[in-house]
Amino acid sequence: MGVQSLERGLALLAAIAEHRRGASLRDLCADTGIPHSTAHRALMTLVEAGFVSYSAQHRLYHIGHVLTDIAEKSSTNSAITPQPVIETSEQTGETVFVCEWSAREAVCVALARSRHPLQLFVRIGQVMPVYAAASARMLLAWQPQSEQAAILSTLTTTRFTSDTVTSPAQLATRLTTIREQGYDICDSELDDGIWAVAYPVHDAAGRVRSSVTVAVPVQRVRSIAAQRHLQQLVSHCAAQLSSELGWESNSLV
7 MGVQSLERGL
17 ALLAAIAEHR
27 RGASLRDLCA
37 DTGIPHSTAH
47 RALMTLVEAG
57 FVSYSAQHRL
67 YHIGHVLTDI
77 AEKSSTNSAI
87 TPQPVIETSE
97 QTGETVFVCE
107 WSAREAVCVA
117 LARSRHPLQL
127 FVRIGQVMPV
137 YAAASARMLL
147 AWQPQSEQAA
157 ILSTLTTTRF
167 TSDTVTSPAQ
177 LATRLTTIRE
187 QGYDICDSEL
197 DDGIWAVAYP
207 VHDAAGRVRS
217 SVTVAVPVQR
227 VRSIAAQRHL
237 QQLVSHCAAQ
247 LSSELGWESN
257 SLV
């Protein structure tokens, strides 16, 4: 395989990863600028190798089992997953993950998966939308006002569900609320039927550069009591992670 072919293949994989519900050939050509026939040949090679899967019924491409297997092996590596995250996942039985703020994006850097077959799929390296994910909104809420304003002024949104917040003005109000209450809840705003709660992780100086989140199918947290129990556990996890970074809860932010 030549360098150009490799670059095209990687570009197509990156483009597919941005389409949560699958990408059409037209989508991928528009995203990458690769000619239709060239993209089709490259995709067929990736499908044969298992890096991409194709739904003939919907004519959509998805990330294939080879990459998801790699992500699974990486994401379950306890060497990169903090012990409080692993323990919280074991206590709740649900997926718990950490996101970091990098280049104005919220990126998943560590996770422990749910033991249930029905769970949210999230992977290491996944960029979470700042307007639709509790993990990302939590991070954006703690950024300087100038950075928030810059992000909101150029924000492009996708309505993932009927409850997705797509208005910059509404998001700005939400960010203020998040910072005041100290947590954020996402209820079917990014994925239908998924409830999540995120808390901030403070470093020694009080800065918030990461968040910890639990995500669970709504049928497992229908009661207020169940939701509050999860909030308590994730809040404790965030406090443990913050303590490991040198943060003292009675310090001034």
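Per our numbering, the sequence shown starts with residue 7, numbered consecutively. Glycine is no exception: its CB is placed at the ideal position from the N, C-alpha and C atoms. Source: prediction; values computed, not measured.
To the nearest angstrom, how far is it from the Cα of residue i to the Cα of residue j?
i	j	result
Gly199	Pro223	6 Å
Ala178	Ala155	9 Å
Ser120	Thr74	16 Å
Thr82	Cys35	Because the pLDDT at Thr82 is just 49, under 50, the model does not fix this residue reliably, and the point stays unresolved.
Arg129	Glu254	30 Å
Trp201	Gly8	45 Å
Gly188	Val227	20 Å
Ser168	Glu195	7 Å
Pro174	Val136	11 Å
Pro41	Ser95	44 Å
Gly56	Glu13	18 Å
Gln176	Ser11	43 Å
Ser229	His235	10 Å
Ala112	Val220	15 Å
Gly252	Gln97	24 Å
Cys114	Glu106	6 Å
Thr182	Ala147	7 Å
Tyr205	Ala231	18 Å
Ser257	Glu250	Because the pLDDT at Ser257 is just 43, under 50, the model does not fix this residue reliably, and the value given afterwards should be weighed accordingly. Going from the Cα of Ser257 to the Cα of Glu250 covers about 15 Å.
Leu31	Leu52	13 Å
Gln149	Ser43	44 Å
Asp33	Phe166	17 Å
Arg185	Val214	11 Å
Leu247	Gly39	42 Å
Is it buried or exposed for residue i, if we count other Cβ within 10 angstroms and need 16 for buried?
i	result
Gln225	exposed
Met144	buried
Glu100	buried
Thr87	buried
Ile76	exposed
Ser84	Because the pLDDT at Ser84 is just 47, under 50, the model does not fix this residue reliably, and the point stays unresolved.
Met134	buried
Arg27	exposed
Gln2	Because residue 2 is not part of the residues shown, which for the chain are 7 to 259, the question remains open.
His68	buried
Gly70	buried
Leu16	exposed
Ala45	buried
His64	exposed
Ala109	exposed
Ala21	buried
Ala116	buried
Tell me whether residue i sits in a helix, a strand or coil according to DSSP, three-state version.
i	result
Pro90	helix
Arg234	helix
Val207	strand
Glu227	Residue 227 is actually Val in this sequence, not Glu. Three-state result, Val227: coil.
Ala21	helix
Thr106	Going by the sequence as given, residue 106 is Glu instead of Thr. Strand at Glu106.
Leu251	coil
Arg213	coil
Ala48	helix
His261	Residue 261 lies beyond the residue range present for the chain, which begins at 7 and ends at 259; the question has no answer from this structure.
Ser43	helix
Glu111	strand
Ser59	strand
Check the C-beta distance from residue i over to residue j and give it rounded, since I have them as a contact under 8 Å.
i	j	result
Val203	Gln237	5 Å
Ser283	Val104	What the structure shows of the chain is the stretch from 7 to 259, and residue 283 is not part of that stretch, so it cannot be assessed.
Ala48	Leu18	6 Å
Cys243	Val102	7 Å
Against chain D, with Cβ distances strictly below 8 Å, would residue i count as a contact?
i	result
Glu13	Any reference to chain D falls outside this structure, which holds one protein chain only.
Practice problem: Entirely within the stretch 127 to 198 and at least 4 residues each: give me those alpha helix (DSSP H) ranges in chain order. | Solution: 140 to 147, 151 to 159, 174 to 187
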